[in-house]
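Data first, discussion second: the structure below is written as structure tokens.
Number of protein chains: 2
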Amino acid sequence: MDASPNTPKPAPRTAQVLREALEYDIATGVFAPGTRLDEVSLAKRFNVSRTPIREALIALSASGLVEIRPRRGAFVQEIGVSRLIEMFEVMAELEAMCARLACRRMTAADHRDLLAAHEACTQAADAGEPDAYFYANETFHDTIYRGSGNSFLAEQARALQNRLKPYRRLQLRVRNRVGNSLSEHQTIVDAILAGDDRKAESALRSHILIQGERFNDFVASLVRADAAQARRVMA
Amino acid sequence: MDASPNTPKPAPRTAQVLREALEYDIATGVFAPGTRLDEVSLAKRFNVSRTPIREALIALSASGLVEIRPRRGAFVQEIGVSRLIEMFEVMAELEAMCARLACRRMTAADHRDLLAAHEACTQAADAGEPDAYFYANETFHDTIYRGSGNSFLAEQARALQNRLKPYRRLQLRVRNRVGNSLSEHQTIVDAILAGDDRKAESALRSHILIQGERFNDFVASLVRADAAQARRVMA
DNA sequence: GATTCTTCTCTTGTATACAAAAACCGTTGA
DNA sequence: TCAACGGTTTTTGTATACAAGAGAAGAATC
């Protein structure tokens, strides 16, 4: 439908562009959790008036990335440890559901995509590039989301993945996480190709939940990140 | 923390109030899916300027209730039949997850709440009041959400329940749906009280998915609703 | 007569102006 | 020295003003 060759010009809406820019800056940690997002500063920074800034902040607030405290301003949502666990618990379930459905609904072409994504992960891991692995990993999971044949589910999974992005990134710093992640991927791929939905479901669930089990490592990296952030604020 | 006895006065933000008002009107069908939400009309209707109206619409757009087509305006999100099935599929999974966790995490007090909510459903059903049953049913499900011990999950479930509200309401018009719903509730309650997580999970999943199986009835009611809407548009 | 181009209007999107609430800060008092 | 009070200032929230794109209606052309 809207895959027409020449889109007539999407008409750039400043507010939407700003929303994506802010989203990106939050996901990549430019704006750390708890940071206050001053409207006038942002307006100056982007060379626009406060109106589109406000609209972007409201949209971000609705999707949970920022919190708007009435008459106090917008703050990057701080996610406490317990809430983070809750979110990972839900993420695990969504991904498990995707895997289960993917077993039944993936086409041959989907299988090829899955293998390609897995191969890309392997290469990034072999090259020892954590950032490359991070993105390859995202693509791998997204392939499964799409393979579920449920576009709404895929959107939900993507949205939550996005919210957890800053924290998942920290995860990969944990010793040997990349290697383990990769072998878990292998198990998942095998299960999906074999059409074993029970196995795929549980493999993906533990792949996500493993972060909960390795909780000590996880908290440790969080604490270190907080300390680094604190130092940055001090400077 | 914020459970202080005397909240100092939440300071009413017009935009937030508007958002809730519009949300309610959409959920109850005052604004049917596909309806265009004109900013100036809404502004006049609520006696405010366009600014808070826009902010409310943007928030609703982010939560999926309305669609903002750039430079064309806001429309109540039209949910096609296939997407509706997808959403119910996800809803079923979220509820199943809540039930599974509730089996392990509900306290004795939660069990009492659950029984009370079930009792309220029974009374509403016996009284033959579909609307009362609808609300009692919402409370019943919400009790399970809370019982999951995962507040993020509970929020997600509530949000999706809210988006599906107009369609679930139609569901109850189907012949004998209330009676069947009630007996399914009984199965769920028994499973949760017994701590049988497998059974609770599958019972709740089918409780939601049953709407997919009864798909012919469902489409029929949708078609009738669409026809009614079409007539309204013509007039 | 149908189609396309033009113009006009209406609506959205952004900027600015104004009001009110909250934060800041220095002063005053104990 | 510290706490409380009052005024100032900064910042959010809402209203209004202005610009530009989309839609509709009419004129011109084939």
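Just so you know, the sequences run in chain order A and B. According to the numbering used here, the first sequence is numbered sequentially starting from 2. According to the numbering used here, the second sequence is numbered sequentially starting from 2. All C-beta atoms, glycine included, are put in the ideal place defined by N, C-alpha and C.
Terminal residues of the alpha helix (DSSP H) in which residue i lies
{"i": "glycine 74 of chain B", "result": "Counting along the chain, glycine 74 of chain B falls outside any alpha helix (DSSP H), though it belongs to the beta strand (DSSP E) covering 74–77."}
{"i": "leucine 85 of chain B", "result": "82–106"}
{"i": "arginine 14 of chain B", "result": "Element bounds for arginine 14 of chain B: n/a, residue is neither H nor E."}
{"i": "glycine 180 of chain B", "result": "178–195"}
{"i": "proline 131 of chain B", "result": "131–148"}
{"i": "arginine 113 of chain B", "result": "109–127"}
{"i": "arginine 51 of chain B", "result": "51–63"}
{"i": "alanine 158 of chain B", "result": "152–172"}
{"i": "valine 243 of chain B", "result": "Outside the displayed range of chain B (2 to 236) lies residue 243 of chain B, so it cannot be described from this structure."}
Assumed close pair residue i, residue j - CB separation to whole angstroms, cut-off 8 Å
{"i": "glutamate 202 of chain A", "j": "alanine 93 of chain A", "result": "Not really, about 10 Å apart at Cβ, beyond 8 Å."}
{"i": "alanine 75 of chain A", "j": "lysine 166 of chain A", "result": "Contact flag wrong, Cβ pair sits at about 19 Å."}
{"i": "arginine 20 of chain B", "j": "leucine 61 of chain B", "result": "6 Å"}
{"i": "tyrosine 146 of chain B", "j": "cysteine 99 of chain B", "result": "5 Å"}
{"i": "histidine 208 of chain B", "j": "isoleucine 189 of chain B", "result": "7 Å"}
{"i": "leucine 23 of chain B", "j": "alanine 57 of chain B", "result": "6 Å"}
{"i": "tyrosine 168 of chain A", "j": "leucine 85 of chain A", "result": "6 Å"}
{"i": "alanine 125 of chain B", "j": "glycine 180 of chain B", "result": "Not really, about 12 Å apart at Cβ, beyond 8 Å."}
{"i": "glutamate 40 of chain B", "j": "arginine 51 of chain B", "result": "5 Å"}
{"i": "arginine 178 of chain B", "j": "glutamine 172 of chain B", "result": "6 Å"}
{"i": "alanine 44 of chain A", "j": "isoleucine 54 of chain A", "result": "5 Å"}
{"i": "arginine 101 of chain B", "j": "aspartate 198 of chain B", "result": "5 Å"}
{"i": "threonine 123 of chain B", "j": "leucine 205 of chain B", "result": "Actually they are not in contact, since the Cβ atoms of threonine 123 of chain B and leucine 205 of chain B sit about 18 Å apart, beyond 8 Å."}
{"i": "phenylalanine 89 of chain A", "j": "leucine 210 of chain A", "result": "7 Å"}
{"i": "valine 91 of chain A", "j": "leucine 161 of chain A", "result": "7 Å"}
Run of the beta strand (DSSP E) containing residue i, from where it starts to where it stops
{"i": "threonine 67 of chain A", "result": "Threonine is not the amino acid found at residue 67 of chain A; the sequence shown has valine there. 67–70 is the span of the beta strand (DSSP E), which, as asked, contains valine 67 of chain A."}
Proximal chain B residues relative to residue i, where beta-carbon distance stays under 9 Å
{"i": "glutamate 56 of chain A", "result": "Arg55, Glu56, Ile59"}
{"i": "valine 190 of chain A", "result": "Near valine 190 of chain A there are no residues of chain B at all, since even the closest Cβ is about 22 Å away, more than 9 Å."}
{"i": "valine 91 of chain A", "result": "Leu95, Met98, Asn151, Phe153, Leu154, Gln157"}
Contacts of residue i in chain A (Cβ-Cβ under 7 Å)
{"i": "glutamate 87 of chain B", "result": "Asn151, Ser152, Phe153, Leu154"}
{"i": "arginine 206 of chain B", "result": "Correct list: empty, because the minimum Cβ distance to chain A is about 11 Å."}
Contact set between residue i and chain B, taken where Cβ atoms lie within less than 7 Å
{"i": "glutamate 202 of chain A", "result": "Correct list: empty, because the minimum Cβ distance to chain B is about 11 Å."}
{"i": "arginine 14 of chain A", "result": "Pro71"}
Under 8 Å by beta carbon: chain A residues contacting residue i
{"i": "arginine 84 of chain B", "result": "Ser152, Phe153"}
For the structure I just gave you, are there three or more beta carbon pairs, one from the stretch 30–45 of chain B and one from the stretch 72–90 of chain B, closer than 8 Å?
Touching, per the Cβ criterion.
Members of the stretch 141–152 of chain B that neighbour chain A once the beta carbon cut-off is set at 7 Å
Within the stretch 141–152 of chain B, the qualifying residues are Asn151, Ser152.
Below 8 Å, how does it come out for the stretch 144–164 of chain B and the stretch 103–116 of chain B: are there three or more Cβ pairs, yes or no?
In this structure the stretch 144–164 of chain B lies against the stretch 103–116 of chain B, because at least three pairs of beta carbons, one per stretch, are closer than 8 Å.
Counting Cβ pairs, one atom from each stretch, are 3 or more of them under 8 Å apart for the stretch 113–127 of chain A and the stretch 139–149 of chain A?
Touching, yes, given that three or more Cβ pairs across the two stretches are closer than 8 Å.
Using a Cβ cut-off of 7 Å, which residues of the stretch 94–116 of chain B contact any Cβ in chain A, in chain order?
Going along the stretch 94–116 of chain B in chain order, one finds Glu94, Met98 with a Cβ nearer than 7 Å to chain A.
So if I threshold CB-CB distances at 7 Å, which residues from the stretch 64–80 of chain B count as touching chain A?
Close to chain A, meaning a Cβ-Cβ distance shorter than 7 Å, are the following residues of the stretch 64–80 of chain B: Ser64, Pro71, Arg72.
Counting only Cβ-Cβ distances shorter than 8 Å, please list the residues of the stretch 153–177 of chain A near chain B, keeping chain order.
Flagged, chain order: Phe153, Leu154, Gln157.
On the three-pair Cβ rule with 8 Å, is the stretch 48–66 of chain A touching the stretch 57–73 of chain B?
Yes, the stretch 48–66 of chain A is in contact with the stretch 57–73 of chain B.
Residues in the stretch 31–49 of chain A with C-beta within 9 Å of chain B's C-beta atoms, listed in sequence order?
Here the close residues number zero.
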